[in-house]
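Structure record follows, encoded as structure tokens.
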Amino acid sequence: MHNIQPIKIANSKRDWLYIALIILSILIINISYEYKKFKDFSNDELYITNGKIIQIYPKKYNDILKIDTGNFTFFTTSTKGIYLKIEDNINIYINTSKITFIKFIQGFYTTSFNIRKLKPSKPSVKQYLLNYINNQHQNKNITSLFNALFFALPIDKELRDMCSTFGVSHLIAISGFHLGILSMLIYWLLYFPYSIIQNKYFPYRNKKFDLLVLTSILLFAYLIFVNIVPSLLRAFVMFIVGIYFLRTNIKLISFSTLALIVILITVFVPKLFFSISLWFSVSGVFYIFLFLKYFHNRHKVIVFILFNIWIYLSMNPIIHFFFGTTSLAQLYSPLFTVGFTIFYPVELFLHLVGYGNILDYFIEKWLDLEIISYHVSTPIFILIGYIVVSFLSIIYKQAFILLNIFLLSFNIWLYMHQ
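Residue 247 in full-length UniProt numbering sits at position 247 of the sequence shown, with consecutive numbering throughout.
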């Protein structure tokens, strides 16, 4: 029996032209809508609005607030003498005089006045869960860690520096890696109860497809719950597109698929074009696809051993352009990544049943480790060259060989640069 070959997204230039026209039309509509919101916002130099605090970035004096008004998101400095927390609803006066359209789309910082906390109707589900998780811990860094892992909240500076030193920041920031673990957990938790119902009432249904749809609905609810984290949005869109492509036999693991998904995300939500976390996430998937392109025929044991190591090394030139924290402890990052696939679901279960503090002793020991770190940034010319060779590797095997020489040389230079 012959294997059915997967089909492509588009089979001709005309198909690609139609896709491009549809995407361009959607982009024009969304940009026009954003511009209308901007004009309404900037008509007066002082804009009064209500909003919800979705993140708080602790600072030495006044904290930085991230506020969602429903129409736009912005950052401002908290006012002395008022206690604010995540999920609080506030009334605020905003200075609009220096806000451009690009800044409006990106998410801007501005001065504000007369921040007033609105009387809450009742505690939100998110606030209840935050309190439930936080009450299980006494160490503020551990509390911050699980707020980041479960609610996508920013971590304290001390913990952020620690994560950077160990090269595990990608494990703390919710992304496709976490979505993959969550999707598997949800799928298998639903599998047996749904099988009983399906066999009794609608045995003609496709069980796997139905479970994927149910999993998608729950993942979408979680995406909304954490305020649509860009890296998680990318992963969710890929998950949905993946289900559709598998149903229609369109090739999923391809660079054209990845490019189309990135375009769709930035077209529907233009502000995400400026999100570093989205581009980190996309870069990670790009190098995963590149790895699979050239290593998929290797022995499974070799692929398993090399996968996390190669992806980690391949991302370093990009990550170190933005974040220069470097230490030899980062070389253990691939091992932490493998271990995290067990740690994350175990901690999720422990927190759900109210015993999230069981492993706190070991986490505290990890946090107390003193690791020597130093600062090394990727020069811009090296970054550009690396990206060019990476793209050429899609087509040319010789470029992929050069890419491996490039990334090995860079990482040797990086970790011997003390």
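Backbone N, C-alpha and C define an ideal beta-carbon position, used for all residues, glycine too.
Endpoints, the beta strand (DSSP E) within which T49 is located
46–57
Within 10 angstroms of its Cβ, does E45 collect 16 or more other Cβ (buried), or is it exposed?
exposed
Three or more C-beta pairs under 8 Å: does that hold for the segment 401–408 against the segment 343–361?
no
Which residues bound the alpha helix (DSSP H) around S283?
276–295
Alpha carbon to alpha carbon, what distance is there between T378 and residue 438?
No information on residue 438 is available, as it lies outside the stretch 1 to 418 that the chain covers here.
How many angstroms separate the CA atom of Y128 from the CA atom of L352?
13 Å
Using 9 Å as the threshold, is the C-beta distance between N357 and T337 below it?
no
Which term fits H296, buried or exposed, when burial requires 16 or more other beta carbons within 10 angstroms of its beta carbon?
exposed
Can you tell me which of F268, T326, L171, W188 puts its alpha carbon nearest to the alpha carbon of I28?
F268
For M416 and Q55, what's the separation of their Cα atoms in angstroms?
38 Å
To the nearest angstrom, how far is it from the Cα of E291 to the Cα of S256?
Glu is not the amino acid found at residue 291; the sequence shown has Phe there. For F291 and S256, the distance between alpha carbons rounds to 16 Å.
Quick check on the DSSP output: the beta strand (DSSP E) that includes K66 runs from which residue to which?
64–68
Y312 classed as buried or exposed, judged by whether at least 16 other C-beta atoms fall within 10 angstroms:
buried
Does the distance from the C-beta atom of T325 to that of S78 stay below 9 Å?
no
When the Cα of F151 is compared with those of T49, L367, I319, Y222, which residue comes out closest?
Y222
CB-CB length for G51 against I92, believed under 8 Å
6 Å
Thinking C-beta only, is F72 closer than 9 Å to Y109?
no
Do you know offhand how far E34's Cα is from I105's?
7 Å
Three CB pairs or more closer than 8 Å across the segment 136–153 and the segment 200–214
no
Could you check where the alpha helix (DSSP H) with I133 kicks off and where it finishes?
125–134
For D156, which residues in the same chain have their Cβ closer than 8 Å to its Cβ, ignoring the five residues on either side in sequence?
P58, K140, N141, S144
DSSP on K85, reduced to helix/strand/coil?
coil
Does the count of Cβ pairs from the segment 387–396 and the segment 168–184 closer than 8 Å reach three?
no
Measure from the alpha carbon of V282 to the alpha carbon of each residue in K300, V262, I387, then state which is nearest.
V262
May I have the straight-line CA-CA distance separating K13 from I288, to the nearest angstrom?
28 Å
Which residues DSSP lists as bridging K208, in chain order:
None; K208 has no bridge partner.
Would a C-beta distance cut-off of 9 Å place F410 and N316 closer than the cut-off?
yes
Identify whether I92 lies in helix, strand or coil by the three-state DSSP scheme.
strand
Just mark I302 as buried or exposed, buried being the case when its beta carbon has 16 or more other beta carbons within 10 Å.
exposed
Label M184 either buried or exposed according to how many other C-beta atoms from any shown protein chain fall within 10 Å of its C-beta, with 16 as the threshold for buried.
exposed
Provide the residue span of the alpha helix (DSSP H) that contains F236, from first to last.
230–248
Could you give the distance in angstroms between the alpha-carbon of I197 and the alpha-carbon of S216?
19 Å
Opening and closing residue of the alpha helix (DSSP H) in which N308 lies
300–322
So, for G176: in the same chain, excluding its five sequence neighbours on each side, which residues have a beta-carbon less than 8 Å away from its beta-carbon?
S231, L232, R234, A235, M238, S281, G284, V285
Pull up the distance between the alpha-carbon of residue 419 and that of F391, whole angstroms please.
Since the first and last residues shown for the chain are 1 and 418, residue 419 lies out of range.
Could you compute how far the alpha carbon of I4 sits from the alpha carbon of V241?
Residue placement at I4 is flagged as unreliable, the pLDDT there being 49, under the threshold of 50; a coordinate-derived value is accordingly withheld.
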